[in-house]
Every structure is written in structure tokens, then in C-alpha cells.
Amino acid sequence: TDMQDWIRSDQYHNRFLIPHDDALSSALNLSEQNKLPAYAVSEAQGKFLNLLVKSIQARRILEIGTLGGYSTIWLAKALPVDGEILTCEISDEFAKIAQKNIDNAGLTNKVKILVGPAITLLPNIHPDASFDLAFIDADKQSNVEYFIQAKRLVRNGGIIIVDNVVRNGRVADPEQSDASIEGVRRLLEYIQNDSTVEATTLATVGEKGYDGFLYAINKPSNN
Ligand code: DHB
Ligand code: MG
């Protein structure tokens with residue numbers, strides 16, 4: 129099937145480009161043992177996020193949706209010693225697993241997990257927190273609200289990434305509708321009418337199927 133080809137292809141490329149990392153593997157294992165949904169980003173996508181942090185020399189990152197902390201670890205690994213990632217997780221149970229994974233990766237000092245619904249946590253974060261990068265990967269029906277909060281909290285010229293905006297092409301299929309698909313569609317409409325961001329969708333296929341990232345920059349206000 130296509131899926132088997134995509135998995136083989138990811139694995140082929142990863143073999144050359146992504147060295148084995150015990151902490152990342154252990155994070156996936158502990159997540160699986162505790163029956164967390166297998167919604168973490170792929171290895172290649174995690175590495176991409178890691179490279180992005182390094183490219184823009186990000187010091188402060190906002191993540192919405194921690195799950196087991198797999199993407200959190202990829203992001204945090206790229207931060208300088210004084211860097212910090214604030215990550216929001218609605219499930220106390222998932223947050224506990226994530227904290228174990230983060231501690232095991234030696235990243236305790238760089239990661240702060242906020243436990244609760246992001247929809248109530250985010251408005252309480254002071255805009256002076258000024259993040260360089262936000263990664264939105266939580267419930268898809270709230271994408272617009274999360275994106276608005278990310279724009280408020282990310283500095284001018286900073287980056288906002290949203291996961292799962294393609295969903296096997298279902299977002300673009302007029303025959304399909306569910307709360308997640310509608311959440312992505314509303315985000316696209318929102319961005320279309322927002323002159324303060326520039327964005328593109330980068331569709332991907334791989335071990336997590338056919339999906340994609342939305343990549344947006346918060347436009348400098350004087351440009
Ligand atoms: C789902 C959520 C995700 O964040 C993801 O990467 C894949 C799937 C989901 O809710 O189905
Ligand atoms: Mg996701």
C-alpha cells in the first residue's frame with residue numbers, strides 16, 4: 129500500500145540523516161505503554177522542528193498540545209542553555225508521562241508544562257513572554273483560537289506552525305466534514321482575511337501518513 133511505501137521512504141532517509149536518540153525512542157515507548165494516542169509527529173517532522181529552532185536561533189517556544197512530550201523534546205533539544213519552552217497539555221495523565229520523558233531526556237530545566245485547557249491557559253500568558261516560535265498541535269476544532277493566541281504571544285517576524293492541516297486530503301474534500309476538518313478550514317479562512325500573517329501549507333507523506341504543517345510568519349507590524 130501507499131502507507132507502507134511512505135514508511136519505508138521515511139525510514140530510508142532517516143537512516144542517513146537522523147542519528148538514534150535513546151531519549152526520543154524511550155519517550156515513544158513510554159507513551160505507547162501508557163496507551164497515549166499515536167499522534168506524535170514523525171521523526172523527520174521532529175527533526176524539522178529542531179532544525180527550525182536552530183535556524184532562527186529561537187530562545188523561547190510556545191507549544192499547544194504536549195501529549196507525551198515527543199515534539200517537546202525535539203524542540204527543546206535545539207534550545208540554547210538559557211532557552212525555554214512552555215507547553216500546554218489538557219490531560220493531567222498525559223502531562224505526567226510527558227514530564228517523565230522530558231526529565232529522562234535531561235531537559236527538565238528548559239521545559240515548563242502548563243496543565244489545563246489551552247483555551248483558558250493561553251489568555252493568561254503575558255504578551256511580554258514574547259515567543260520566537262509557536263507549535264500548535266492540539267484539538268483541531270480550536271485551531272483559530274490557538275492561532276489568535278499564538279499571534280498575540282509570538283514576536284514580530286516569529287513563526288507559527290500548525291500540525292495536521294491536510295489530514296489525508298480530507299480538509300479539501302467537500303464530501304467530508306467533522307469537527308477537526310472544520311477547525312482546519314476555519315483556520316485557513318481566518319488567515320486568508322488576516323493581513324498580519326503570511327503562510328503556506330507544507331504537505332507531507334511519511335510514517336504518519338499524508339498530512340501537513342501550516343507554516344506562518346507573524347509579519348513585522350512596520351512592513
Ligand atoms: C490526530 C491529532 C494529531 O495531532 C495528529 O498529529 C494526528 C492525528 C487526531 O486527532 O486524529
Ligand atoms: Mg499532530
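Numbering-wise, the numbering used here comes out as the position in the sequence shown, counting from 1, plus 128.
Built from N, CA and C at the ideal position, the CB exists for glycine as well.
Range of the contiguous beta strand (DSSP E) that encloses D133: Along the sequence shown, one-based indexing puts residue 133 at 5. Taken as a continuous stretch (DSSP letters only), D133 belongs to no beta strand (DSSP E), being part of the alpha helix (DSSP H) at 130-145.
Where the alpha helix (DSSP H) through K205 begins and ends: What you label residue 205 is simply residue 77 of the sequence shown in a count that begins at 1. From DSSP, the alpha helix (DSSP H) with K205 extends over 198-205.
Under 8 Å between C-beta atoms of G286 and D260: If you number the sequence shown from 1, residue 286 lands on position 158. If you number the sequence shown from 1, residue 260 lands on position 132. Contact check for G286 against D260 passes: the beta carbons are separated by less than 8 Å.
Coil, strand or helix - E335 by DSSP: The residue given as residue 335 occupies position 207 in the sequence shown. In the three-state reduction of the DSSP assignment, E335 falls in the coil class, being assigned neither a helical nor a strand state.
Bridge partners - R188, DSSP secondary structure assignment: In the sequence shown, the residue the question calls residue 188 occupies position 60. Under DSSP, R188 forms a beta bridge with E212.
Nearest candidate by alpha-carbon position, reference V239, set A278, S199, D267: The residue you call residue 239 lines up with position 111 of the sequence shown. Among A278, S199, D267, the Cα nearest to that of V239 is on S199.
Same chain, Cβ closer than 7 Å to L156, neighbours up to 5 away in sequence not counted: On the sequence shown, residue 156 is found 28 positions in, with the first residue counted as 1. Around L156: A168, Y198.
Pair within 8 Å by beta-carbon distance, Q269 and E310: The residue you call residue 269 lines up with position 141 of the sequence shown. The residue you call residue 310 lines up with position 182 of the sequence shown. At a Cβ-Cβ threshold of 8 Å, Q269 and E310 count as neighbours.
Heavy atom of the ligand MG within 7 Å of N271 beta-carbon: One-based indexing of the sequence shown puts residue 271 at position 143. N271 Cβ: outside cutoff for every heavy atom of the ligand MG.
Which of helix, strand or coil DSSP assigns to I289: Numbered from 1 along the sequence shown, position 161 holds the residue referred to as residue 289. Correct three-state label for I289: strand.
Beta-carbon proximity of V290 to D339, cut-off 8 Å: What you label residue 290 is simply residue 162 of the sequence shown in a count that begins at 1. What you label residue 339 is simply residue 211 of the sequence shown in a count that begins at 1. Cβ distance not < 8 Å, so V290 and D339 don't count as in contact.
DSSP beta-bridge partners of Y343: As a working mapping, residue 343 is identified with position 215 in the sequence shown. Residue pairing by DSSP puts Y343 in a beta bridge opposite I289, T328.
Element boundaries [alpha helix (DSSP H), containing K182]: Stepping through the sequence shown from its first residue, residue 182 is reached at position 54. Following the DSSP letters along the chain, one finds K182 inside the alpha helix (DSSP H) bounded by residues 171-183.
D265: CB within 7 Å of a non-hydrogen atom of the ligand DHB: Along the sequence shown, one-based indexing puts residue 265 at 137. Yes; taking the cut-off as 7 Å, the Cβ of D265 has a heavy atom of the ligand DHB nearer than that.
Residue interval of the alpha helix (DSSP H) (run including I218): Translated into positions along the sequence shown, residue 218 becomes position 90. Boundaries for I218: no alpha helix (DSSP H) harbours it, and the DSSP string shows neither H nor E there.
T194, buried or exposed, once every other Cβ within 10 Å from all chains shown has been counted against 16: Here residue 194 refers to the residue found at position 66 of the sequence shown. T194 is buried by the Cβ-count criterion.
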